[in-house]
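Protein chains in written order, with the working numbering: chain A, 1 to 481; chain B, 1 to 481.
Beta carbons: idealized from backbone N, C-alpha and C, even for Gly.
There are 2 protein chains.
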Amino acid sequence: MASSTLKPSEKWSLLVAAGASLAVIANTFQGDGAPLVASLAFSTLAFSMTYAFVRWSGPAFVKAGLKGRDMSKIMPKEIPEAMGAVAAAVYILSLMAFIPFAFYKDIVAATSGGGNRDVVLTITEVETGRFLHRFPHSKLSSYQSALNTLQATTILGICDDLLDLRWRHKFFIPAVASLPLLIVYYVDFGVTSVVVPNFLVPYMPNQARLVNLSLFYYLYMSALSIFAPNSINILAGVNGIEVGQSLVIAGLLVLNSALYLVPFPGNPVLNHAYATRPHPATDGHLMTLYILLPFLAVSTALYIHNRYPARVFVGDTYCYVAGMTFAVVAIMAHFSKTLLLLLIPQIANFIYSTPQLFHLIPCPRHRLPKFNARTGLLEPSVTPWPPERPPSKPLTTIFLLLEKLHLIQVTVDPKTNCISSTSNLTIINLWLVWRGPMREDQLTRELLIMQTCCGFLGLFVRHTMALLIFSADNRGKVSSV
Amino acid sequence: MASSTLKPSEKWSLLVAAGASLAVIANTFQGDGAPLVASLAFSTLAFSMTYAFVRWSGPAFVKAGLKGRDMSKIMPKEIPEAMGAVAAAVYILSLMAFIPFAFYKDIVAATSGGGNRDVVLTITEVETGRFLHRFPHSKLSSYQSALNTLQATTILGICDDLLDLRWRHKFFIPAVASLPLLIVYYVDFGVTSVVVPNFLVPYMPNQARLVNLSLFYYLYMSALSIFAPNSINILAGVNGIEVGQSLVIAGLLVLNSALYLVPFPGNPVLNHAYATRPHPATDGHLMTLYILLPFLAVSTALYIHNRYPARVFVGDTYCYVAGMTFAVVAIMAHFSKTLLLLLIPQIANFIYSTPQLFHLIPCPRHRLPKFNARTGLLEPSVTPWPPERPPSKPLTTIFLLLEKLHLIQVTVDPKTNCISSTSNLTIINLWLVWRGPMREDQLTRELLIMQTCCGFLGLFVRHTMALLIFSADNRGKVSSV
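Given below as structure tokens:
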């Protein structure tokens, strides 16, 4: 088993990073506070803590029975499982500790009056305020509800890792966990109108440019918070892929939010109407950064331990918390469609997987690629069709058609002329069908590059084409792009 | 092992209870809503769910290694451990699902205006309002922070149950978990003044009747949230005692809050100044009921499984969540001193335990009473003092003095004339020293009766004597009794 202690160089680097973060954090308690700087410092601290805790707590996890064998290695050894729970716990603690910093300016302003008080900011103040606005009281409520949703996801994820819940129980877990967020959304914003694409406006009653989805908008947000965690959980099985994809998505979301905050010349997001003052969605995107930066930090620390050759497994807790983090920021800052553009590989994987997920065709317990011990390479894993129960006639036709389209690998038994096996329906296997057997680290790298390219394409579409389709860009509370 | 299925009679009773609760819940969505009725219905539902889930999930817990042997039985059998996590999860889910009901009236009032809004209630409106007030927006924030604190406690409790954290890690865990609550307290109330007892007023500078503790008040609240969970966790080791004491305390807290809400003639809490309108602390005590009623429900369901002869153990998660629930309501509704009066047995147990907790004298891993298999009775467990290392001279004097005061059981080796063993320092052992060996169920019963009597005495002192010591009773935001 790998060592559970830190090397001296690691120990000193982490101590220096943690010390520097604490110094920076202590210095943000002046003037208006510097929440973004404090957030960066907290993220550095969270990175150091996750890195050390993941290393130290390995033996305790193994002792508690949370361990697994890495089957894609020549000598499968037992490594700790469900270590994402450590990352999630540090993540939540740092989000909690950050509360006074996020609201420092507000607290100072609010408490200087003394007694019981309510901070009220009208829309005008928010829209015309300075770069870092005061947070109105309802923002604290939003932040707390985001925290509640993430904590509930963590608890339910730990239950899953521990008790191995069944699919039908797991599937709706995130919907329950997202309740606090949806309720606060209802109370705080209650905006359920979406902007109608220009080309559809002539066909709307009264040529309406906004359509109110009311209850359906809540169902849509609920569906998003079910989909995001589960979609990351099923694009898994190769060292580093769960954390890697989450890092890519979180990084692109940070980039997207930064576009709303940095007023560089020619910033495509800030069109001329807003060029001289902050974008109205600033608050939401600042909050997004506060939530995503520590997530990026703990994920990076976890990735270092989970990448090829993995020293720990991350477990369901991590996948759920990662997906829910994306759903939370997308709902809070109104960019759920942008998030869906970044989740294109996950959506493709989900659609491609449906025949197996819904048991239209047999689905083995694990669908991760098959390790060929002779070559040391990964190959697509297959579902065998025994000779006595071959696929039906129509199914055979479909399989052979899909093989022609290079969307599946099919083996035909030369004796019976029947299909004897088909590759499992995940885009990881599909990638191996396309690109041939490869080493595990190479596979993860290529998949992450693919995820990154899809994401950049998505952001490009979002920021250049949106104005062609919609008449106005993200107008804060009004539209939800 | 005990059955993990429900008997038909149990199944039907639970189904009827759950169905009736759902019907009641559906009917509270009219008029002003009926949050207290909805809370009772949610509690009934939570009871049914906990009862069924605790029964069903037993085998999964045992399979995950969460199991233990009950050493106080003739045939110690393995039963599921840490089942309090199930109760805690149901508790949290029901608190979450209750949010729209607690704020139904507020939501209706708030959303009828449409768009982005802030509900503002001035102090006057709150104090002179009707019996069920509108909840201002900051109340939602308080509720969310209570939920965050309880969830964090649950996560850290599960970690403890799973990984067996060390004392020095465990001790401060609740302080971190209470952060969200303290921060919201700071933003929402910020009241850190306490009323000075009448007899001390002449000695105060300017004869002040209020003294501002500022930072120390936060340290005090933080200490309370460390003490309450840990004090319940160390008064443990007999079937049903952890849940039993929590039920007694929660029941008495509900009674205490009900005294502020029910305007019966001659209600000692509502003195003549408030007789015609609600007590100013109404809001806080309503919130207390919303938090305590589902807690009572899940605890009762757990108690039925944990009472003698125990079919499940509750684990640290339950003790932490129970203690934190008390700390949360005491901080939110400003009755921390009342809570301390109800925790007198826990305080006594803690003080009595300190010599062992702080390792001034040896402390064995477990200090639960010793089961005498011959008589079937529990006897005080002892710490042996080996002949080669007897207690020092001063320690021997103290032990013999304590024995004279009936505060400890001492065995003297007749050969060496040295102390060979002393009873372990918990009030459970002390009770056995006083009352002699007894059956486990009898011991739990007597301890719970003692807890109830102490509690009633505490409430009596609180509501009759407080006015003798302080010049005004709980004036909502101003004093904190």
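In the three-state reduction of the DSSP assignment, P386/A falls in the coil class. The beta-carbon of I183/A is placed less than 8 Å from the nearest beta-carbon of chain B. Between the segment 321-336 of chain A and the segment 204-218 of chain A, the count of Cβ pairs shorter than 8 Å is below three; the stretches do not touch. Residues of the segment 38-63 of chain B that bring their beta carbon within less than 9 Å of a beta carbon in chain A comprise S57, A60, F61 and K63, in sequence order. In the DSSP assignment, V211/B falls outside any alpha helix (DSSP H) and lies within the beta strand (DSSP E) extending over L210 to N212. The beta carbon of L179/B sits closer than 7 Å to none of the beta carbons in its chain outside the five residues before and after it.
Non-local beta-carbon contacts of S421/A in its own chain, meaning distances under 7 Å to residues more than five positions away in sequence, involve V382, T383, P384, W385 and T411 in chain order. The beta carbon of A310/B sits closer than 8 Å to those of D70, I79, N239 and G240, all from its chain and outside the five residues before and after it, given in chain order. For the segment 236-249 of chain A, the beta-carbon criterion of a distance under 7 Å to any beta-carbon of chain B is satisfied by none of its residues. Beyond the five residues adjoining it in sequence on each side, D413/A comes within less than 7 Å, by CB distance, of P387 and S420 in the same chain, given in chain order. Leaving aside the five residues that flank A41/B on each side, the residues in its chain whose CB is nearer than 6 Å to its CB run, in chain order, S21, V24 and I25. Residue contact check for G65/B against chain A: a CB pair falls below 8 Å.
For R307/B, there is no enclosing alpha helix (DSSP H), as DSSP gives it neither H nor E. In terms of beta-carbon proximity, N148/B lines the interface with chain A, with at least one pair separated by less than 8 Å.
Between A87/A and A327/A, the C-beta gap is not smaller than 8 Å, which leaves the two residues out of contact. Look at D413/B here: in three-state DSSP terms it is strand.
A residue is called buried when at least 16 other Cβ atoms come within 10 angstroms of its Cβ; D164/B does not meet this threshold and is exposed. Taking the Cα of I351/B as reference, the smallest distance to any Cα among L293/B, I427/B, P100/B and G58/B is reached at I427/B. Cβ neighbours of D161/B within its own chain (closer than 6 Å, five residues either side excluded): A82, G315, D316 and T317.
Contacts between T154/A and chain B, judged by CB atoms closer than 9 Å, involve Q151 and I155 in chain order. Exposure of A373/B is indicated by the presence of fewer than 16 other C-beta atoms within 10 angstroms of its C-beta. Closest in C-alpha terms to K370/A, from the list R389/A, E440/A and L261/A, comes E440/A. Membership of T422/A in the beta strand (DSSP E) is indicated by the continuous run C418 to S423.
Among the residues facing chain A, M287/B is not included, as its CB has no counterpart in that chain under 8 Å away. For M438/A, the beta-bridge partners assigned by DSSP are L378/A.
Rounded to the nearest angstrom, the gap between the Cα atoms of Q409/B and L357/B is 18 Å.
For L162/B, a Cβ of chain A is located within less than 8 Å of the residue's own Cβ. Remark: fewer than three beta-carbon pairs, one from each stretch, lie closer than 8 Å, so the segment 57-72 of chain B and the segment 281-301 of chain B are not flagged as touching. By the Cβ-count criterion, P35/A is buried, with 16 or more other Cβ atoms from all chains shown falling within 10 Å of its own Cβ. Note: G68/A is bridge-paired with I79/A in the DSSP secondary-structure output. Nearest neighbour of N256/B by Cα position, chosen from W167/B, V194/B and L459/B, turns out to be L459/B.
Between L293/B and S39/B, the gap from beta carbon to beta carbon is short of 8 Å. Considering only Y51/B, N27/B and A18/B, the residue with the shortest C-alpha distance to T5/B is Y51/B.
Distance from the Cα of F29/B is smallest, within the candidate group R166/B, F98/B and I92/B, for F98/B.
Nearest C-alpha to L93/A among P174/B, A281/B and T444/B: P174/B. Using a Cβ-Cβ cut-off of 8 Å, S9/A does not count as an interface residue toward chain B, since no Cβ of chain B sits closer than that to its own.
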